[in-house]
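*Asks:* The structure is given below, and queries will be raised subsequently.
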Amino acid sequence: MQILDRFRDPETGRALLARVSALAEQAQEKLGRRVVFMEVCGTHTVAISKAGLRSLLDGKLELRSGPGCPVCVTDYGDIDAMVAFGRLPGVTVGTFGDMVRVPGSQTSLEQEKARGADIRVFYSPADAVKWAEANPDREMVFLGVGFETTAPAIALSVAQARALGLKNYSVFLANKVVPPALHALLVDPELRLDGFILPGHVSAIIGRRAYDFIAEEYGLPSVISGFETLDILDALYNLLRQVLAGEARVENGYTRVVKEAGNLRAQALLDQFFEITDVSWRGFGVIPGSGLQWKPEYRDFDARVRFAPEVAEPRIPKGCRCGDLLKGKLTPRECKLFATACTPTHPVGPCMVSTEGACAAFYQYERRSS
Amino acid sequence: MCLGIPGLVVEVKPENDSAVIEIFGVQREVSTFLVGEVQTGEYLIVHTGYAIEKLDVEEAKIRLKLWEEILKDANPGQVS
Ligand code: SF4
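Same order as they appear, the protein sequences are chains C and Y. Sequential numbering of the first sequence, starting at 4, is according to this note's numbering. Sequential numbering of the second sequence, starting at 8, is according to this note's numbering.
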């Protein structure tokens with residue numbers, strides 16, 4: 004592990020930080036304002052908060068979170084639907100742990116569980132299939148959330164259920180794909196971004212090339228980054244150099260994992276199982292071509308088709324700015340409810356619930372520096 | 008949902024398309040279906056029970072070298 008330990012070397016970190024600081028000052032001078040970069044990956048959000056990079060670069064560089072937390076971008080209507088599945092007789096809902104406490108219009112899966120719904124947390128969708136096999140008298144509805152990184156696992160769970168001949172496994176698919184959300188951010192006239200830190204593991208699936216449009220169509224620099232503090236500093240350094248040189252490229256700072264064309268096996272699976280559709284993201288509304296739905300040959304496994312529970316028009320809690328936050332319009336501490344009415348023990352919005360949410364990360368690591 | 012930490016392959020089970028990996032001393036069996044053949048001693052990036060990519064140690068070395076170069080630069084502010 005020695006080689007990988009060097010990615011956490013504090014001395015290299017301090018030296019890189021000094022370089023980044025110096026370049027950020029130059030960029031500020033050049034642009035006449037602070038440079039604004041956005042990270043679009045929940046794991047980066049946490050890494051940036053944890054390392055305290057925002058306060059270390061305070062006044063020189065602005066780091067904003069975008070729609071990178073899959074649980075957070077899940078629309079109210081979808082969460083209400085998930086709750087509705089839990090209320091159907093004979094149905095057990097399987098989910099990733101992060102989803103359980105996310106409040107919908109009225110209630111969360113956790114509250115439903117306290118009222119007697121059968122809600123089970125699985126680390127992998129494959130475990131939900133195993134559960135369905137062992138419990139043939141129950142219907143297992145698995146909640147598919149996540150981006151390109153999670154979708155292959157969801158597809159494989161259905162392949163596995165089909166191979167086992169299971170009739171009691173289906174998926175409520177709310178999976179999304181990242182590039183269309185970047186388009187949506189880039190055409191937003193209110194948002195003045197100078198570059199993106201691109202998600203490491205989504206990129207492992209879709210490859211560096213998938214982002215070329217950011218440079219070609221929008222003339223913005225971007226860098227794919229790994230998850231160590233040094234990776235993020237390296238990405239900032241690279242972005243700042245591009246800004247200063249007036250260049251726009253999609254750079255790969257995470258070549259130890261991400262390839263030009265991505266993971267072809269995973270892409271083939273996505274093509275085999277899913278079609279692209281328009282779906283709604285919290286804060287954004289419908290983004291064209293940003294969601295996945297089952298291809299017709301897999302509709303037997305589509306929980307929406309099989310159960311179609313009734314879901315009322317969602318009611319959005321007052322004061323939660325999670326939607327604006329996901330669009331990079333503000334930081335958590337600009338929300339009036341942050342750390343007052345909204346805390347990790349009493350979350351008002353998903354951005355405070357998910358471990359990858361910006362509000363939760365701020366609360367845990369940056370509250371005192373504010 | 009996404010963990011940035013690579014897992015070290017300690018056992019390969021090709022008959023199940025899976026491998027046992029170790030992260031911080033904890034072992035777990037993961038599917039290798041998405042990455043093909045793996046060998047003990049390799050590092051895998053794992054997400055929801057599936058290895059999504061291998062970690063390329065040569066590329067890791069190149070990156071570290073690059074940082075050395077950046078930090079050697081006596082004139083860090085200068086953009087050519
Ligand atoms: S602090 Fe709470 S209420 Fe405010 S935006 Fe974040 S999740 Fe919503």
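The beta-carbon is built from N, C-alpha and C at its ideal position, and this holds for glycine as well. Every value quoted in this text rests on a predicted model; they were computed, and no experiment measured them.
#1: Quick one: does the C-beta of LEU329/C sit closer than 7 Å to a heavy atom of the ligand SF4?
#2: Quick one: is LYS74/C buried, meaning 16 or more other Cβ sit within 10 Å of its Cβ, or exposed?
#3: Per DSSP, ARG123/C is paired with what?
#4: What do you reckon, is the C-beta of ARG324/C under 7 Å from a heavy atom of the ligand SF4?
#5: So if DSSP puts VAL16/Y in a beta bridge, which residue, or which two residues, is it bridged to?
#6: Please look up how many angstroms separate the CB atoms of VAL356/C and ARG104/C, rounded, as I've assumed it's under 8 Å.
#7: Looking at ILE59/Y and ALA412/C, is the spacing between their C-beta atoms short of 8 Å?
#8: So for THR77/C, helix, strand or coil by DSSP?
#9: Only counting the same chain, and skipping five residues up and downstream in sequence, which positions put a Cβ closer than 7 Å to that of VAL76/C?
#10: Pairing CB atoms from the region 249–264 of chain C with CB atoms from the region 221–237 of chain C, are three or more of them under 8 Å?
#11: Does PRO106/C pass the burial test, meaning 16 or more other C-beta atoms within 10 Å, or should it be called exposed?
#12: Using a C-beta cutoff of 8 Å, does ASP237/C count as contacting chain Y?
#13: Is the beta carbon of MET355/C within less than 7 Å of some heavy atom of the ligand SF4?
#14: What are the start and end residues of each continuous beta strand (DSSP E) run of 3 or more residues lying completely inside the region 151–224 of chain C, in chain order?
#15: Step through the CB atoms of chain C and report whether any lies within less than 8 Å of the CB of GLU66/Y.
#16: Whole angstroms is fine: what's the gap from LEU51/Y's alpha carbon to LEU15/Y's?
#17: Using a Cβ-Cβ cut-off of 7 Å (strictly less than) and excluding sequence neighbours within five positions of GLY149/C, which residues of its own chain qualify?
#18: Could you tell me the boundaries of the beta strand (DSSP E) in which VAL117/Y lies?
#19: Which residues does DSSP pair with LEU345/C in a beta bridge?
#20: By alpha-carbon positions, which one of THR55/Y, VAL37/Y, HIS54/Y, LEU78/Y ends up nearest to PRO88/Y?
#21: Is any beta-carbon of chain Y found at less than 8 Å from that of LEU159/C?
#22: Would the C-beta of VAL351/C count as close to the ligand SF4, meaning under 7 Å from any of its heavy atoms?
#23: At 4 residues or longer, what runs of the alpha helix (DSSP H) sit wholly inside the region 15–99 of chain C?
#24: Which residues does DSSP pair with PHE145/C in a beta bridge?
#25: Would you mind reading off the limits of the beta strand (DSSP E) that contains THR280/C?
#26: Could you list the residues in the region 15–47 of chain Y with a C-beta less than 8 Å from some C-beta on chain C, going in chain order?
#27: Span of the alpha helix (DSSP H) holding ILE59/Y?
#28: Report the neighbours of LEU19/C on chain D: residues whose CB is nearer than 9 Å to its CB, in chain order.
#29: Looking at PHE341/C and the ligand SF4, is the gap between the Cβ and the nearest heavy atom below 7 Å?
#30: With distances taken Cα to Cα, identify the nearest neighbour of ALA131/C among GLU220/C, VAL94/C, VAL23/C, PRO317/C.
*Replies:* In brief:
#1: Against the first sequence, residue 329/C aligns to sequence position 326. Not one heavy atom of the ligand SF4 lies closer than 7 Å to the C-beta of LEU329/C.
#2: Position 71 of the first sequence, counted from the start, is the residue given in the question as residue 74/C. According to the sequence shown, residue 74/C is Val rather than Lys. Buried, because 16 or more other Cβ atoms sit within 10 Å of the Cβ of VAL74/C.
#3: Stepping through the first sequence from its first residue, residue 123/C is reached at position 120. Beta-bridge pairing by DSSP links ARG123/C to GLY97/C.
#4: Counted from its first residue, the first sequence places residue 324/C at position 321. Closer than 7 Å to some heavy atom of the ligand SF4: that describes the Cβ of ARG324/C.
#5: Sequence index remark: in the second sequence, residue 16/Y carries index 9 (1-based). Beta-bridge pairing links VAL16/Y to ILE28/Y.
#6: Counting from 1 along the first sequence, the entry for residue 356/C is found at position 353. Counting from 1 along the first sequence, the entry for residue 104/C is found at position 101. Contact flag correct, Cβ pair sits at about 5 Å.
#7: No answer is possible for residue 412/C: the residues shown for chain C start at 4 and end at 373.
#8: Sequence index remark: in the first sequence, residue 77/C carries index 74 (1-based). Taken through DSSP and simplified to helix, strand or coil, THR77/C comes out as strand.
#9: To locate residue 76/C, count along the first sequence from 1; it is residue 73. Within the same chain, Cβ atoms closer than 7 Å to the Cβ of VAL76/C are found at PRO70, LYS179, TRP284, ARG285, LEU329, the five residues on either side in sequence being excluded.
#10: Contact holds: three or more Cβ-Cβ distances are below 8 Å.
#11: Working through the first sequence from its first residue, we reach residue 106/C at position 103. With 16 or more other Cβ atoms within 10 Å, it is buried.
#12: One-based indexing of the first sequence puts residue 237/C at position 234. Yes - at least one Cβ of chain Y is within 8 Å of the one on ASP237/C.
#13: Counted from its first residue, the first sequence places residue 355/C at position 352. Yes - the ligand SF4 has a heavy atom lying nearer than 7 Å to the Cβ of MET355/C.
#14: When DSSP assignments are scanned along the region 151–224 of chain C, the uninterrupted stretches of beta strand (DSSP E) that are 3 or more residues long and fall wholly within it turn out to be 172–176, 198–201.
#15: Reading the second sequence from its first residue, position 59 is the one you call residue 66/Y. For GLU66/Y, the nearest CB of chain C lies under 8 Å from its own CB, placing it at the interface with that chain.
#16: Translated into the one-based positions of the second sequence, residue 51/Y becomes position 44. Translated into the one-based positions of the second sequence, residue 15/Y becomes position 8. Rounded to whole angstroms, LEU51/Y to LEU15/Y spans 6 Å at the Cα level.
#17: What you label residue 149/C is simply residue 146 of the first sequence in a count that begins at 1. Excluding sequence neighbours, GLY149/C sits near PRO73, ASN178.
#18: The first residue shown for chain Y is 8 and the last is 87, placing residue 117/Y beyond what the model contains.
#19: The residue you call residue 345/C lines up with position 342 of the first sequence. Checking the displayed sequence, the identity of residue 345/C turns out to be Cys instead of Leu. The partner list for CYS345/C (beta bridge, DSSP) reads PHE341/C.
#20: Because chain Y here runs from 8 to 87, residue 88/Y falls outside it and cannot be looked at.
#21: Within the first sequence, numbered from 1, the residue matching residue 159/C stands at position 156. Yes, LEU159/C counts as interfacial toward chain Y.
#22: For the purposes of this step, residue 351/C is taken as the residue at position 348 of the first sequence. It does: the Cβ of VAL351/C is within 7 Å (strictly closer) of some heavy atom of the ligand SF4.
#23: Listed in chain order, they are 45–54, 56–59, 73–76, 79–90.
#24: Sequence index remark: in the first sequence, residue 145/C carries index 142 (1-based). Paired residues: GLY97/C, VAL174/C.
#25: Taking the first residue of the first sequence as position 1, residue 280/C is located at position 277. Secondary structure note for THR280/C: its beta strand (DSSP E) is the uninterrupted segment 277–284.
#26: Closer than 8 Å at the C-beta level to chain C, one finds these residues of the region 15–47 of chain Y: LEU15, SER38, PHE40, LEU41, VAL42, GLY43.
#27: For the purposes of this step, residue 59/Y is taken as residue 52 along the second sequence, with counting starting at 1. First-last for ILE59/Y: 57–62, but that is the beta strand (DSSP E), not the alpha helix (DSSP H).
#28: The displayed structure is made up of protein chains C and Y, and chain D is not among them.
#29: One-based indexing of the first sequence puts residue 341/C at position 338. Because some heavy atom of the ligand SF4 lies under 7 Å away, the Cβ of PHE341/C counts as near it: yes.
#30: On the first sequence, residue 131/C is found 128 positions in, with the first residue counted as 1. It is VAL94/C whose Cα lies nearest to the Cα of ALA131/C.
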